[in-house]
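Here the structure comes first, spelled out in structure tokens, and everything after it is commentary.
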Amino acid sequence: MNPRRYIAFLLACLFPLMAVAQRAISVGSKSFTENVILAEMATLVGREAGYEVIHRDQLGGTRILWNALLSGEIDVYPEYTGTLLQEILVGHRVRADALADTLASFGIKMTAPLGFNNTYAVGMREARAEALHIRTISDLRQHPELKFGFSNEFMDRGDGWPSLRDDYGLPQRDVRGIDHDLGYRGLVAGSIDALDLYSTDAEIAYYHLRALIDDRHHFPDYHAVFLYRADLADRAPAWVAALRRLSGAISNEAMVRMNARAKIEKVPENEIAADFLNTAFDRDVNITVSRTTRLSRFRHHTREHLYLVGISLLAAVLIALPLGIVAAKFRRTGQIILGITGVIYTIPSLALLVFMIPLLGIGGPPALVALFLYSLLPIVRNTHTGLHDISPALIESAEALGLTPWARLIHIELPLASRSILGGIKTSAVINAGTATLGALIGAGGYGQPILTGIRLDDVGLILEGAVPAALLALVLQLLFELSERWLVPRGLRIAPGD
Amino acid sequence: MIEIDCVTKFYGSLRALHEVSLKPAPERTTVLIGPSGCGKSTMLRLIIGLIVPDAGTVRFEDRPIPAWNPYTLRHRMGYVIQDGGLFPHLTARDNVTLLARHLGWEAARIEERLTALGKLVHLPSDRLDDFPAQLSGGQQQRVGLMRALMLDPDVLLLDEPLGALDPMIRADLQADLRDIFRSLHKTVVMVTHDLGEAGFLGDEIILMRGGQIEQAGTLEDLVVRAASPFVEAFIHAQRSPLESIDTSVGE
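Those sequence lines, one after another, are chains Z and P. Positions 321 to 819 (this note's numbering) are the ones given, in order, by the first sequence. Positions 18 to 268 (this note's numbering) are the ones given, in order, by the second sequence.
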């Protein structure tokens with residue numbers, strides 16, 4: 321293939337990476353159940369109002385959602401007044417009554433509170449709290465040996481652990497960040513003594529927890545609202561009106577019940593949201609939602625996952641192979657190339673995914689780029705090693721034969737290095753198949769999606785629905801590459817001397 | 018045809034050749050011999066332009082090597098190294114014809130040449146579809162020779178082509194090589210460390226030592242008219258199997 325055609329082919333393959341998601345109206349949600357249910361409600365009333373609405377669920381934490389809203393990747397998401405004041409706008413010193421005006425300066429509007437107040441609380445197991453005579457957060461001062469496990473977001477938000485500690489003068493040292501849903505299991509297992517709760521959490525009743533009294537009134541109110549882009553009032557006025565009708569409609573009890581249905585009875589969030597809308601409002605035609613089957617979910621996630629792995633791997637091969645060749649031919653440049661790809665490889669995969677968000681937003685493109693960057697090192701290194709390890713006598717023979725450098729590369733060097741190069745691609749593919757599950761954290765879908773939902777709902781079946789296919793895919797890829805050696809590695813290299 | 022003119026070559030700080038001049042006779046076989054590290058292989062690599070001298074000039078047809086297009090030059094020279102240098106991923110046939118195919122020869126012409134070369138080097142035609150790993154050492158060298166001769170070059174450079182073969186096969190190939198050299202009238206420059214082989218194949222023998230030519234001449238010149246104690250020592254270091262037998266008993 322001549323260089324110009326090669327570059328054109330390369331650009332064509334990279335194009336999907338650059339194509340940004342289409343402009344449909346979309347709702348985002350954070351990765352916890354209540355937020356997903358509220359986002360489902362927003363989605364359903366939007367569809368009822370006649371709009372094509374996509375719910376991009378479980379995109380991650382506050383920052384990711386807020387930035388996605390600002391950049392227009394999502395149009396609506398459920399948020400809490402306390403989070404707005406204590407985290408998002410914490411540097412702006414906003415008073416609660418000036419919140420709407422401050423948001424307007426960002427081009428963002430909010431609905432009136434939906435009704436319930438989901439503030440933070442510190443929770444312990446009822447029995448343990450009783451034994452230690454702990455009723456209020458102040459009581460914790462007497463027990464410096466207690467182990468705390470707080471959600472990662474709580475660890476560094478304005479009203480989170482650092483200011484709670486300072487407010488109450490808490491002496492505990494063993495404090496770690498943990499996923500909120502895993503925290504409950506840690507609490508039950510006894511590996512932590514206290515965690516942060518949301519006051520509408522279904523688990524409070526389920527696990528027999530005691531929410532400690534906030535006797536110094538440290539935590540602000542967390543009234544749920546919908547945030548939406550100001551331009552939505554023009555693009556989808558009927559939807560905005562429908563969202564506003566939800567204000568004041570959801571009581572604390574109703575929200576706790578809905579959370580419990582999702583987490584304990586494992587009812588899908590869209591069904592819970594539809595049931596609520598159907599009973600809380602008089603309507604002529606009830607909203608109906610269809611349950612997805614395991615098979616249809618599997619197909620959907622497989623498609624997303626293969627897209628992530630396939631495109632990123634293809635792009636990596638097209639870039640890494642030439643880089644590996646350059647690295648083998650030019651020693652100093654080679655060291656720089658191997659150094660850079662090596663450093664990229666050492667960035668934790670989760671961090672790399674999150675780094676991509678400011679550059680490429682959420683969803684498929686940032687995940688593809690992160691996976692692509694990850695795939696580079698094994699291919700570059702194996703290409704370099706494969707070419708480097710060719711015996712000097714063979715290189716000299718090819719040179720003495722009077723072959724041009726290009727012909728030597730194509731006819732001699734690459735075939736001789738093919739086994740090593742293929743091994744590098746195989747490594748990248750297998751690693752990619754696993755790492756791509758993390759893409760779900762930034763809205764890229766794939767097998768990570770059921771894993772994420774499964775962790776959130778404490779549903780091992782759902783976790784396996786993602787984990788098993790991801791592991792199988794890695795095995796299948798391994799097998800395919802081993803079979804492909806028959807076609808891609810020249811037969812002469814597979815014959816042992818003396819055969 | 019080939020002229021090495023007062024050439025000095027260093028590998029790093031190691032001096033491989035020191036002001037060496039040599040003009041191999043056209044259409045004859047010149048054999049370079051000497052102990053390891055005497056610079057004999059360096060001479061071949063200079064001629065085919067794989068390396069360039071630090072001082073002095075190497076010429077081919079009165080033109081300095083750097084003035085030649087390296088591909089044109091190498092297409093006019095065949096080069097065979099000790100282990101054959103065959104590409105393990107290509108069959109014997111593909112090894113031999115690689116360059117011709119790359120240069121766009123027609124299939125019929127390639128096939129014709131292949132058949133002629135197979136006859137010349139005594140390679141059974143059914144071996145052509147084998148990979149190098151499936152061939153014996155002697156067969157590999159025959160294929161290497163076919164590859165070097167494919168474009169019918171004017172010059173044949175051989176770097177210890179028989180060095181790794183066992184004695185019977187070696188003797189066979191020596192005989193075949195002599196026939197080939199005589200019938201083709203090519204300018205051959207060959208490196209060996211075996212004096213018997215040098216005498217058998219070479220029209221002229223160049224004995225080298227420490228990057229310089231110690232003596233040039235026929236085998237007889239070297240044996241009978243040794244130019245220095247080193248030449249004498251080198252010749253006597255080559256042990257004949259017969260000298261170990263006590264011949265005095267029968268007399």
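Note that CB positions come from ideal geometry on N, CA and C, so glycine has one too.
Minimum Cβ-Cβ distance from residue i to chain P less than 9 Å
i, result
"Glu805 of chain Z", "no"
"Pro686 of chain Z", "no"
"Gly743 of chain Z", "no"
"Arg811 of chain Z", "yes"
"Ile645 of chain Z", "no"
"Ser511 of chain Z", "no"
"Leu736 of chain Z", "yes"
"Ile656 of chain Z", "no"
"Ile762 of chain Z", "no"
"Ile394 of chain Z", "no"
"Ile815 of chain Z", "yes"
Classification of residue i by the beta-carbon crowding that lies within 10 angstroms, buried from 16 upward
i, result
"Asn572 of chain Z", "exposed"
"Ile656 of chain Z", "exposed"
"Asn86 of chain P", "exposed"
"Thr599 of chain Z", "exposed"
"Leu795 of chain Z", "exposed"
"Phe539 of chain Z", "buried"
"Arg614 of chain Z", "exposed"
"Lys136 of chain P", "exposed"
"Asp176 of chain P", "buried"
"Met207 of chain P", "buried"
"His202 of chain P", "exposed"
Boundaries of the beta strand (DSSP E) in which residue i is found, first to last residue
i, result
"Ser471 of chain Z", "Phe468 to Ser471"
"Met444 of chain Z", "Tyr440 to Arg445"
"Glu20 of chain P", "Ile19 to Tyr28"
"Ala831 of chain Z", "Missing from the structure shown is residue 831 of chain Z; chain Z here goes from 321 to 819 and no further."
"Leu871 of chain Z", "As displayed, chain Z neither begins before 321 nor continues past 819, which places residue 871 of chain Z out of reach and without an answer."
"Gly497 of chain Z", "Val495 to Ile498"
"Thr204 of chain P", "Thr204 to Thr209"
"Ala514 of chain Z", "Ala514 to Tyr518"
"Gly774 of chain Z", "No beta strand (DSSP E) holds Gly774 of chain Z; the alpha helix (DSSP H) holding it covers Gly768 to Leu777."
CB contact below 9 Å: residue i versus chain Z
i, result
"Ala150 of chain P", "yes"
"Thr204 of chain P", "no"
"His92 of chain P", "yes"
"Thr108 of chain P", "yes"
"Asn28 of chain P", "A quick correction: the sequence has Tyr, not Asn, at residue 28 of chain P. For Tyr28 of chain P, the answer is no, since every Cβ of chain Z falls outside 9 Å of its Cβ."
"Thr114 of chain P", "no"
"Leu103 of chain P", "yes"
"Leu67 of chain P", "yes"
"Asp100 of chain P", "yes"
"Arg130 of chain P", "no"
"Thr59 of chain P", "no"
"Thr209 of chain P", "no"
"Arg45 of chain P", "no"
"Pro87 of chain P", "yes"
"Arg164 of chain P", "yes"
CA nearest to the CA of residue i, picked from the options
i, options, result
"Arg445 of chain Z", "Z:Asp513, Z:Ala647 and Z:Tyr548", "Z:Asp513"
"Phe27 of chain P", "P:Gly155, P:Cys55, P:Glu44 and P:Val48", "P:Cys55"
"His537 of chain Z", "Z:Thr653, Z:Val347, Z:Val442 and Z:Phe601", "Z:Val442"
"Leu734 of chain Z", "Z:Gln798, Z:Thr755, Z:Glu393 and Z:Thr703", "Z:Thr703"
"Ser153 of chain P", "P:Asp176, P:Leu168, P:Glu129 and P:Asp183", "P:Asp183"
"Ala632 of chain Z", "Z:Tyr526, Z:Leu772, Z:Leu707 and Z:Ala749", "Sequence inspection shows Ser at residue 632 of chain Z; the Ala mentioned does not correspond to that position. If we check each option's Cα against that of Ser632 of chain Z, Z:Ala749 comes out closest."
"Thr747 of chain Z", "Z:Pro770, Z:His708 and Z:Leu799", "Z:Leu799"
"Leu529 of chain Z", "Z:Gly503, Z:Ala727 and Z:Asp551", "Z:Gly503"
"Gly768 of chain Z", "Z:Thr755, Z:Val780 and Z:Asp779", "Z:Thr755"
"Asp22 of chain P", "P:Leu134, P:Pro41 and P:Arg32", "P:Pro41"
"Val365 of chain Z", "Z:Thr705, Z:Arg701, Z:Leu793 and Z:Pro557", "Z:Pro557"
Where the alpha helix (DSSP H) containing residue i begins and where it ends
i, result
"Lys136 of chain P", "Ala124 to Val138"
"Ser38 of chain P", "Looking at the DSSP string, Ser38 of chain P is not in any alpha helix (DSSP H); the run it does join, the beta strand (DSSP E), is Leu31 to Leu39."
"Ser748 of chain Z", "Leu734 to Thr755"
"Ala525 of chain Z", "Glu523 to Tyr526"
Cross-strand partners of residue i (DSSP beta bridge)
i, result
"Arg80 of chain P", "P:Phe77"
"Phe399 of chain Z", "One point to set straight first is that residue 399 of chain Z is Glu, not Phe, in the sequence displayed. Looking at the DSSP assignment, Glu399 of chain Z forms a beta bridge with Z:Val545."
"Ile222 of chain P", "P:Val48 and P:Gly234"
"Asn387 of chain Z", "DSSP lists no partner for Asn387 of chain Z."
"Asp176 of chain P", "P:Val208"
Below 7 Å between beta carbons is the criterion; list the residues of the region 702-733 of chain Z that meet it against any residue of chain C, in chain order. Absent here is chain C; the protein component of the structure consists of chains Z and P.
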